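Enquirer: Supplied in structure tokens, the structure appears directly below.
Residue numbers (our numbering), protein chains in the order written: chain A, 1 to 661; chain B, 1001 to 1304.
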């Protein structure tokens, strides 16, 4: 446990050091070294806890009423600390050269201050064992990530995105405050260890707590339909921050839900159905929106909504199966959700860091202006293609393993449940298949438009060098993806203690033996591909080989502007697969006359939930509130009168309630 | 097991181009022509093997990865399937999901290879291929789940096991009939046949698969064609096994039944191609959605 404390202290020291050193280069070094050291310690500790299955605690008094500085490191916390440590480590390694590329004159000290504080807060959130400490850490995490999102605050869109994030995060804070106050009220203490009485709650109060947790933490996690901050905040933040936020920060929301579920009585089936159906809807919605974005980081942000949806589908269906008495099915679904959480941290890390490299090299996030980058940046290109395969859940990488576990849970329910009970899981399989096919569309598009073909924009400079530290951090994350794809048993063995505490079931060897063939298949596939590629290379070596231009069906004056754009690629799916409200918005001028003048066409795809539901809702609420302006008279005596009236009311209330006691 | 794997691969490698020749012969007969010999696809492959490469300056290694993945994936996917009465060489619980995603991998690389040429034609083909497969994939899942529900198992080996013959006589026969139709449509879409795509045109704006491989040449094109023919055979094996669930016990007889079924399927595809016109492009998603609904209906029937 002392290792975790050391890690927290190092992070705290590092953040202060970075801030005090100010503009000097040393500030960046101090911040980076602090995070690297601390995450190594915490990662090692998490690994130890997961391997041994033990629980560590630490407690010291804290001069806050009801608060206590109490930490708990059980397998569930370690399950989250491990990806937080790994991803923070590599993002930090990447951040140095990435930030050095930016404006030279700007001091990086605030960045490193907030960055180390954010890592500190994430570690604290998943280990806090006292409600006040948890909320304190949660708020610090929100604020530090807000300042990191707003790093490029000279841009208007960044300010707007950060503001939306802050608003959404504090709406979720309101629900969380209510949740913990209620929980503390029921159990009589704010310490998690005293939350035992919550397990005997009647269904209605338990459901109230569950709903508060699901939607309160769901905002942070990016649960559909309250994901609205996420597609704007991820593109706005610097790439390593996006990677860290998408990879692990939003998962603290899932941690919160799982932690609260562990206190509540065994979940009735409808809790699970609610979570699973919101997850499935989010997966479909997220990937459909991702398929239409031309901003590479916004596309990845929507894919985060999709993946979070898949995780919620796994967890939710696990709850359903557990409630209906099918422990094996529940185990598969939970294991799929949990493994997907790790997998997503790895491959989304690769993708966001890779997108950052592209952004740095081209100066734009617009896929339509990229193109042909694989030739100029072969290593980054391969890493991005690998990440896309993993994100598309394609063999031999790790994305398939976790989705396969969820598929297996659903299909086992589908073949063993009686009659029409089986219909929903079976339909969910088809839906997951559709999500998979759309993911393939999205990522073949992302790769094809941004990396392949001819350079689309000649104004973008050629020849880019990428710092080795950036490449190493991406390559190591991708190697992790491949390792889980080839040896999934290892990852499952590691998450077994956490899985058994989440599922409240004992886990045998059935999961490991079930995934083992997939790992062997991944090897077989790799061997087959290498063999076949070897044959083709040999033929290329010995055969006659000519270079030519791309065949354009006899047309000789082909230009880059004729090649497919991101919008062109997804036009067919947008027009024929998506419902009307999700289609991109077109702004075009009218073409008139026999000899029309030059005209323009612009396409955007804003978030339908935000612009169609939430924006009008908040505007309407704001308009209603305007009518209360007469209360604000602006004169001191009137405000004093308000206070007086309030005091009288409170007095009356306390007298009235005290009467019964 | 090694013997079974070798047999399966040998059957696939030897007979895969044959159905293509039969399809073309059928179409020729319908059109009143003599047509190319049935073995023409073999001659084509042999000729391409001996030719040199012409490679676009725009392309990278991804362009060559397309044919490689397109060849390896059907070979490996075939190991999960029974060929008629011959049982599947490798089988494990949940392999039907791997089967679907393996073809996803080949689609990813075919589309990426097409985009790698930078040509607008090939980009168009890639966009269509990945879009239409969004609708074909759920149908394939539902069809396999109907069988899984009948077999009470989740591996392809027992999905297409000997219980199929009994199911045709029982309550499930209607569902089996429906998914046979669905799988036939999926086969036509995935293998780019009329009415969804025309394998004979290269220069028209309505085709999908052929336009994606426009820039391949020589042995790489040979690999693409060989891979496509193996994909047809693998998808065809699904249909043949459902339609002819005969298990004689003798390897040779089983093999003959399987090949006869496959050639009948090829004739059927030829008949469809000769008698139908290509669908208008906006109609394709509508037909595919209809097929998905039919497969859901089959699922509901089997749950009843």
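Glycine is no exception: its CB is placed at the ideal position from the N, C-alpha and C atoms. These numbers come from a predicted model, not from an experiment.
Name the chain A residues that come within less than 8 Å of residue 1192 of chain B, Cβ to Cβ?
Expert: None at all; the shortest Cβ gap to chain A is about 16 Å.
Enquirer: Please say whether residue 1017 of chain B and residue 1048 of chain B have beta carbons closer to each other than 8 Å?
Expert: Against a cut-off of 8 Å, the Cβ pair of residue 1017 of chain B and residue 1048 of chain B comes out as no contact.
Enquirer: At a CB-CB cut-off below 7 Å, which residues of chain B make contact with residue 550 of chain A?
Expert: Residues of chain B passing the Cβ test: 1056, 1058, 1117, 1118, 1119 and 1215.
Enquirer: Per DSSP, what kind of secondary structure is residue 545 of chain A in: helix, strand or coil?
Expert: The answer is strand: DSSP assigns residue 545 of chain A an E or B state.
Enquirer: Using a Cβ-Cβ cutoff of less than 7 Å, which residues in the same chain neighbour residue 486 of chain A once the five nearest sequence positions on both sides are dropped?
Expert: Cβ within range, chain order: 396, 519, 522 and 523.
Enquirer: On the three-state DSSP scale, how would you describe residue 1209 of chain B?
Expert: Residue 1209 of chain B: helix per DSSP, three-state reduction.
Enquirer: Which residues bound the alpha helix (DSSP H) around residue 1063 of chain B?
Expert: Residues 1061–1078.
Enquirer: Quick one: which chain B residues come within Cβ less than 8 Å of residue 546 of chain A?
Expert: Those are 1052, 1053, 1054 and 1055, listed as they occur along chain B.
Enquirer: When you compare each of B/1258, B/1294, B/1142 and B/1194 to residue 430 of chain A by their alpha carbons, which one comes out closest?
Expert: The shortest C-alpha separation from residue 430 of chain A is found at B/1142.
Enquirer: Tell me, please, whether the CB atom of residue 1176 of chain B is closer than 8 Å to any CB atom in chain A?
Expert: It does not: the Cβ of residue 1176 of chain B has no partner Cβ on chain A nearer than 8 Å.
Enquirer: Could you pull out every residue in the same chain whose Cβ sits closer than 8 Å to the Cβ of residue 1173 of chain B, ignoring the five residues on either side in sequence?
Expert: Excluding sequence neighbours, residue 1173 of chain B sits near 1167.
Enquirer: With distance defined between alpha-carbon atoms, name the residue in B/1132, B/1179 and B/1121 nearest to residue 1148 of chain B.
Expert: When only C-alpha atoms are compared, the closest one is B/1179.
Enquirer: Name the residue from B/1021, B/1302, B/1062 and B/1217 whose alpha carbon lies nearest to the alpha carbon of residue 1053 of chain B.
Expert: Of B/1021, B/1302, B/1062 and B/1217, the residue nearest in Cα terms is B/1217.
Enquirer: Looking at the secondary structure, which residues open and close the beta strand (DSSP E) in which residue 1083 of chain B lies?
Expert: First-last for residue 1083 of chain B: undefined, no H or E at that position.
Enquirer: Would residue 257 of chain A pass as a contact of residue 314 of chain A if the rule is Cβ separation under 8 Å?
Expert: Contact: no.
Enquirer: With DSSP collapsed to three states, give me the class of residue 1097 of chain B.
Expert: If DSSP states are grouped into helix, strand and coil, residue 1097 of chain B belongs with the helices.
Enquirer: Leaving out the 5 sequence neighbours to the left and right, which residues in its chain are closer than 7 Å to residue 128 of chain A when beta-carbon positions are compared?
Expert: So the qualifying residues of the chain are 71, 134 and 137.
Enquirer: Verify whether the separation of the beta carbon atoms of residue 1 of chain A and residue 56 of chain A is less than 8 Å.
Expert: Cβ atoms of residue 1 of chain A and residue 56 of chain A: closer than 8 Å.
Enquirer: Please check if any C-beta of chain B sits within less than 8 Å of the C-beta of residue 602 of chain A.
Expert: So no, residue 602 of chain A is outside the interface.
Enquirer: Measuring CA to CA, which of A/285, A/354, A/444 and A/424 is closest to residue 579 of chain A?
Expert: Ranking the options by Cα distance to residue 579 of chain A, first place goes to A/285.
Enquirer: Rounding to the nearest angstrom, what Cα-Cα distance links residue 459 of chain A and residue 1020 of chain B in this structure?
Expert: Cα to Cα, residue 459 of chain A sits roughly 48 Å from residue 1020 of chain B.
Enquirer: Between residue 1226 of chain B and chain A, is there a C-beta pair that is closer than 8 Å?
Expert: Cβ-Cβ to chain A under 8 Å: no for residue 1226 of chain B.
Enquirer: Just to confirm my understanding: we take residue 400 of chain A, look at its own chain, exclude 5 residues before and 5 after, and list those with CB closer than 6 Å. What are they?
Expert: Counting only Cβ-Cβ distances below 6 Å, and skipping sequence neighbours, we find 393.
Enquirer: Starting from the Cα of residue 1061 of chain B, find the closest Cα among B/1083, B/1268, B/1220 and B/1183 and give me that residue.
Expert: Among B/1083, B/1268, B/1220 and B/1183, the Cα nearest to that of residue 1061 of chain B belongs to B/1220.
Enquirer: What are the start and end residues of the beta strand (DSSP E) that includes residue 1056 of chain B?
Expert: Counting along the chain, the beta strand (DSSP E) containing residue 1056 of chain B begins and ends at 1053–1056.
Enquirer: Check the Cβ of residue 730 of chain A against every Cβ in chain B and list those closer than 7 Å, keeping chain order.
Expert: Because chain A is modelled from 1 through 661, residue 730 of chain A falls outside the range shown and cannot be assessed.
Enquirer: With a Cβ-Cβ cutoff of 8 Å, do residue 475 of chain A and residue 359 of chain A count as a contact?
Expert: No, these two residues do not count as a Cβ contact at 8 Å.
Enquirer: By the 10 Å Cβ neighbour count, where 16 or more other Cβ atoms means buried, how is residue 1122 of chain B classified, buried or exposed?
Expert: By the 10 Å Cβ count, residue 1122 of chain B comes out buried.
Enquirer: Mind checking if residue 234 of chain A is an interface residue toward chain B, Cβ cutoff 8 Å exclusive?
Expert: No, its Cβ sits nowhere closer than 8 Å to a Cβ of chain B.
Enquirer: Could you tell me the distance, in whole angstroms, from the CA atom of residue 1135 of chain B to the CA atom of residue 1161 of chain B?
Expert: One C-alpha to the other measures close to 27 Å.
Enquirer: What does residue 573 of chain A reach in chain B if we use C-beta pairs closer than 7 Å?
Expert: In chain order: 1131 and 1134.
Enquirer: Whole angstroms are fine: how far does the CA of residue 602 of chain A sit from the CA of residue 1104 of chain B?
Expert: Rounded to the nearest angstrom, the two C-alpha atoms are 32 Å apart.
Enquirer: Quick check: what's the CA-CA separation for residue 164 of chain A versus residue 249 of chain A?
Expert: Cα to Cα, the separation comes out at about 17 Å.
Enquirer: Which residue marks the beginning of the beta strand (DSSP E) containing residue 602 of chain A, and which one marks its end?
Expert: Element bounds for residue 602 of chain A: 601–604.
Enquirer: From the beta carbon of residue 1002 of chain B, is the nearest beta carbon of chain A less than 8 Å away?
Expert: Not one chain A Cβ lies under 8 Å of residue 1002 of chain B.
Enquirer: Please report the residue range of the alpha helix (DSSP H) in which residue 425 of chain A lies.
Expert: Residues 423–450.
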